[in-house]
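One structure below.
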Amino acid sequence: MCGISGIAGFKNIAVPLLDSIRHLEYRGYDSCGIAILGLHGIEVRKNIGSVDEVNERERLSEPDGKLGIAHTRWATHGGVTKENTHPHLSCKSDFALVHNGIISNYRELKKELIKEGHKFYSETDTEVIVHLVEKYFAPSKDTEKAFIKAIKRLEGTYAIAMIAIYEKDKIFCAKKESPLVIGLGGDTNYIGSDFNAFIDYTKNAVVLDDDEYAIVSKDRYFIKNTTNGETVRKKITEIHWDSDMAKKGGYPHYMLKEIYEQPQCIINASQVDKQHIKKISDMIMESKKTYLIGVGTTYYVSLMGEYQFSSVAGIFTPAISSDEFKNLAHIDKDTLIIAVSQSGETYDTLNALKYAKNKGAKTAAIVNVMGSSIARLVDLTILQGSGPEICVISTKAALSQMIILLMIAIEIAVRNKRLTSKNKIEIERHISNLPEIIQKVLNEKSGLIHTIAQKYSHINNWLYLGRGKYYPIALESSLKMKEVAYVHAEGMPAGFLKHGTIALIDENLYSIIFMPPKSDEDLYRLSSGSAEEIKARKGFIIGFHFGDKKESEKLFNEEIALPKVPDVIAPFLELVVAQLFAYFTAVALKRNIDKPRSLAKSVTVA
Amino acid sequence: MKALILAAGEGKNLVPFTTTRPKPMINVGGRFILENTIKLLKESGINVINIVVGHESDKIVQYFERGADFGVSIHYSYQKKLSGIGDAVYKVKERFNPGEYFMLIYGDIITSANIFNYTLHSFNMSKEPVASVCLTPSTKMFGNVYLDNEMKITKIIEKPKKGDLGNYVLSGVFILPSRFFSVLEKTKFNMELALGRLIGEIGLKASIWEGEWIDIAYPWDILIANKIIMDSWGEATISKSAHLIGDVRIEGPVQIEDNVEIRSGTIIEGPSFIGSGSFIGNNVLIRKYTSVGKGCIVGYGVELKNCILSGNSQIGRLSFIGDSVIGNNVDIGSGVMTINENLDRSTVKTTVNKKSMDTNLNKLGAFVGDDAIIGSGNTTMAGTVIDSKIKIPHHYTYPK
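Protein sequence lines correspond, in order, to chains A and B. Counting from 1075, one number per residue, gives the positions in the first sequence under this note's numbering. Counting from 26, one number per residue, gives the positions in the second sequence under this note's numbering.
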């Protein structure tokens, strides 16, 4: 997803233009740029990083001009480089263009244009559009005609905005399948991927439909059908909502939106570059030691990785919390560090990586933000492709990271001959079924989780218990509860309970136990034993389990019974339940869900 | 945008109150349900309202007339034979233009905040048909709504077979295109099938409501709805013309309307409501979640707790009314006691539509229909239903 915007005004528009991409940043923020038409032609400023970072380096609001376009990008495939950042210029710098979407026939077009002498600077599909316009402008010297001719050559999806030195007060835009709206401000008109681009300036907007193009000036605009050139009359829509609500896509909070995005994120995670999975597996096999590092949620993700690597791949790869890394790890040039970070900017993890690198270690990372500091620092980056995660509480990013670590574990297991390629295919099939099962759980259990969360939202202390792979899940789940609901929850291995903590248990202590499926026999038996220990002391216990209701009634005070699934994906399902449990508890307690007190999305300080 | 409110249903499960009035004319938080709905619609900028009336329609038409007193314009359609929601919706077809969107509202829902405004926001974002959804403990009554990751509804299962499902349910507020009428024609006015068809052909987006919500189905739901409304009050408002004589103590968000007279020694705990023209005698204790309707008379030393007096009712001295709903124009004598719990602390059972039903509530008093008379000295069992116009004689201990 990317965001585009543009402004045609009567005075300098650089500041509102910068604002517009700031407001679109939720659509993506790994690189951004602007193009402004000034007295000496089109000035482009762009670079990689968030809008504020790029602004600091490039001073985006500096150029003078009354006409401009802008872009903010989120790469899921392909490199984040300054060259690939929009806007793109034609050979003579007489046209500048931004684009959101995918041009599927760009290779043919590019070949054709190169043959005709056009010079390309980037690897993007977008750049062909601006050269196409340039090509068709040459004979006719008519920008509109050239624009239409170019558009008609495109296959795929697009929302495009373009400026030209020949038209001092016109933004040319076109839409097909990617969103595009025009904002009407009286003496200044705007365009944007959505209303957020200009909502601070005007509430009146016109929504473009597919196969329409528009020419927007400061005080007028017209819209035509791309195919037949006929003028289209459009209703002006008055915008009634605040921009925040729009960004959430109608969900009450980003956290719930992102929980619901998890099925798609797992699909994306399971489609990460196979070469990267192979490469990182090579690195693990070649190293004498491998450490998994992360901090907060990503430490628990790493811990989950440690369990997966041990149980599936048969190798021991300790997980270390990044902040304690220096105090624990022994590093030499045969050591590999695999870092996990959503933002790729986490200070503690970055610091640990730098420390390890200085000592000659090899490094790799699983990150969600391409072009981030960690991604630039390490020898190999796996991009998890979860899309922007806005809620400070990580849900979809964490689950995707766990899936990617599992896929690496499977790859190594095959090499270690612990899995046949037939087993591997079977596990991969289980993973590919997971999105649908999660969707089903969301759609059939949310109400039950909500009811239990509401009923016990007054409880101030929880124990979260799990054994084996369910232990990191219990830890991560307890962190969700602490972060979003400000309710104390302590994650603990269920077997650890009887060595001390059990003294706390009476009818006033509330626990959640993460049960494995019955097919995981030993673990199931031991986990049931732990639940019984609590029950015997009159402790209150909620069971997340895969068993039958009747059997479990004796064991638990409350329960969430989940559909029966293979062992390998079972823990992930319970994590989703725990995310919702924390979310609904926070809703009941009226917490500031997307921005909990004292927390920031990426912790970039020591 | 125009609204369409369904208010024709008979509400059999809400006897004794629906014997004399339609469901939306039940009083909660000092107002009729329908009055509350219209007020919230007006606040959302919706001023043109169509109401489908049927059962006891006069009660609605006489009270709201053409809507002038409420700042809206009301048009009524009549559903003479009560033949389902789909049929009721279709009655209003002529009132909407082709291509127009309208808000469809079930007339028996109560929420903690303005659900109509919220649904309108959701609609304005997508300009697609929208259904408000919310979470309830069970989807048995309301049907399980399935969502995809873009909040589009993929299917609605009206009566889930498995008992342990729980997800979003339809909360009774929709924004639909006038094309929906032709979908209703194609599905023989079956609302369930029509919504299914709408999902397939046009699409239906969910608007997630996270506030409190209740569909008033049973008499005890009236008390829950009353609490939901009163919990949303932030402050006390006392009319200038209210006359508080001597030492009257008021705590928390208490609403006191015009020309109320309250005598010395009375304590009112908020949230509570005292409707216009009511008289509250000396040393009355009004505890939380009490709603005294317009023109009531509450005698000396009465205790009221979590209860609704709909209006024009009298409570004689030294009575206790708790966890109860009292209809309109009810006369309760002195020293009447509504017992509100079972000795063994078991949940209270009551009669619904001639069948015994467990309310799952530990405390529940009596449900008294309009125009009933309860003589002095009577004591009512927890969960008692007293029908409309019933007359219970005084209860003497002498002569026997």
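Just so it is clear, CB atoms sit at the ideal spot from N, CA and C, and this is done for glycine as well.
Say whether chain B places a C-beta atom closer than 8 Å to the C-beta of residue i.
{"i": "A/Tyr-1100", "result": "no"}
{"i": "A/Glu-1335", "result": "yes"}
{"i": "A/Pro-1326", "result": "yes"}
{"i": "A/Val-1204", "result": "no"}
{"i": "A/Gly-1323", "result": "yes"}
{"i": "A/Val-1661", "result": "yes"}
{"i": "A/Gln-1349", "result": "no"}
{"i": "A/Gln-1338", "result": "yes"}
Find the nearest neighbour of residue i within the set the options, judged by alpha-carbon distance.
{"i": "B/Lys-118", "options": "B/Phe-392, B/Leu-29 and B/Leu-39", "result": "B/Leu-29"}
{"i": "A/Leu-1187", "options": "A/Lys-1624, A/Ala-1471 and A/Val-1207", "result": "A/Val-1207"}
{"i": "B/Ile-398", "options": "B/Phe-95, B/Ile-415 and B/Val-40", "result": "B/Ile-415"}
{"i": "B/Gly-394", "options": "B/Ser-401, B/Ile-76, B/Ile-411 and B/Gly-402", "result": "B/Ile-411"}
{"i": "A/Val-1713", "options": "B/Lys-152, B/Lys-177, B/Ser-257 and B/Gly-259", "result": "Residue numbering for chain A in the displayed model covers 1075 to 1680; residue 1713 of chain A lies beyond these limits and cannot be assessed."}
{"i": "A/Gln-1653", "options": "A/Lys-1363, A/Ser-1395 and A/Ala-1471", "result": "A/Ala-1471"}
{"i": "A/Thr-1300", "options": "A/Lys-1250, A/Ala-1656 and A/Ile-1512", "result": "A/Lys-1250"}
{"i": "B/Gly-306", "options": "B/Asn-139, B/Val-317 and B/Val-323", "result": "B/Val-323"}
{"i": "B/Leu-190", "options": "A/Ile-1608, A/Asn-1517, A/Val-1639 and A/Pro-1590", "result": "A/Asn-1517"}
{"i": "A/Phe-1383", "options": "A/Ile-1477, A/Ile-1122 and A/Ile-1095", "result": "A/Ile-1477"}
{"i": "B/Phe-426", "options": "B/Phe-57, B/Lys-116 and B/Ala-407", "result": "The shown model of chain B, from 26 to 425, leaves out residue 426 of chain B, and the question about it has no answer."}
{"i": "A/Val-1375", "options": "A/Pro-1645, A/Arg-1671 and A/Cys-1076", "result": "A/Pro-1645"}
{"i": "A/Asp-1641", "options": "A/Ile-1616, A/Pro-1590 and A/Ile-1333", "result": "A/Pro-1590"}
{"i": "A/Leu-1480", "options": "A/Asp-1408, A/Lys-1309, A/Val-1346 and A/Glu-1335", "result": "A/Val-1346"}
Does residue i get closer than 8 Å to chain A when you measure Cβ to Cβ?
{"i": "B/Gly-124", "result": "no"}
{"i": "B/Asn-174", "result": "yes"}
{"i": "B/Leu-25", "result": "The requested residue 25 of chain B is not part of the displayed model; chain B covers only 26 to 425."}
{"i": "B/Tyr-101", "result": "no"}
{"i": "B/Leu-458", "result": "As shown, chain B starts at 26 and ends at 425. That puts residue 458 of chain B outside it, with no answer to give."}
{"i": "B/Asn-72", "result": "no"}
{"i": "B/Gly-295", "result": "no"}
{"i": "B/Leu-160", "result": "yes"}
{"i": "B/Asn-385", "result": "no"}
Which class does residue i belong to by DSSP, given the choice of helix, strand or coil?
{"i": "A/Glu-1648", "result": "helix"}
{"i": "A/Trp-1148", "result": "coil"}
{"i": "A/Lys-1292", "result": "coil"}
{"i": "B/Ala-138", "result": "coil"}
{"i": "A/Ile-1477", "result": "helix"}
{"i": "A/Asp-1397", "result": "helix"}
{"i": "B/Lys-425", "result": "coil"}
{"i": "B/Pro-202", "result": "strand"}
{"i": "A/Asp-1168", "result": "coil"}
{"i": "B/Asn-354", "result": "coil"}
{"i": "A/Gly-1153", "result": "coil"}
{"i": "A/Asn-1507", "result": "helix"}
{"i": "B/Asp-240", "result": "strand"}
{"i": "B/Tyr-115", "result": "helix"}
{"i": "B/Ile-227", "result": "coil"}
{"i": "B/Arg-91", "result": "coil"}
{"i": "A/Cys-1339", "result": "helix"}
{"i": "A/Val-1515", "result": "helix"}
Using 8 Å for Cβ pairs, my map puts residue i next to residue j. What's the rounded Cβ distance?
{"i": "A/Leu-1410", "j": "A/Ala-1435", "result": "7 Å"}
{"i": "A/Ser-1468", "j": "A/Thr-1371", "result": "5 Å"}
{"i": "B/Ile-74", "j": "B/Leu-66", "result": "6 Å"}
{"i": "A/Gly-1565", "j": "A/Arg-1541", "result": "Not a contact, Cβ separation roughly 12 Å."}
Can you list the residues of chain E that residue i reaches, using a CB-CB cut of under 8 Å?
{"i": "B/Gly-197", "result": "Note that chain E does not occur in the displayed structure, where the protein chains are A and B."}
Residues from the segment 222-239 of chain B in contact with chain A, defined by Cβ distance under 9 Å: Lys-230, Ala-231, Ser-232, Ile-233, Trp-234 and Glu-235
Which of the residues in the segment 1513-1532 of chain A, read from start to end, lie with their CB under 7 Å from any CB of chain B? Asn-1517, Glu-1518, Lys-1519, Ser-1520, Gly-1521, Leu-1522, His-1524 and Thr-1525
Contact list for the segment 1131-1156 of chain A against chain B, Cβ threshold 8 Å: none
For the segment 1162-1179 of chain A, enumerate the residues whose C-beta is nearer than 8 Å to any C-beta of chain B, in chain order. none
With 8 Å as the C-beta to C-beta threshold (strictly closer), list the residues of the segment 138-151 of chain B near chain A in chain order. Leu-145, His-146, Ser-147, Asn-149, Met-150 and Ser-151
Taking a cut of 9 Å between CB atoms, which residues from the segment 1441-1475 of chain A lie near chain B? Taking 9 Å as the cut-off between beta carbons, none of the residues of the segment 1441-1475 of chain A comes near chain B.
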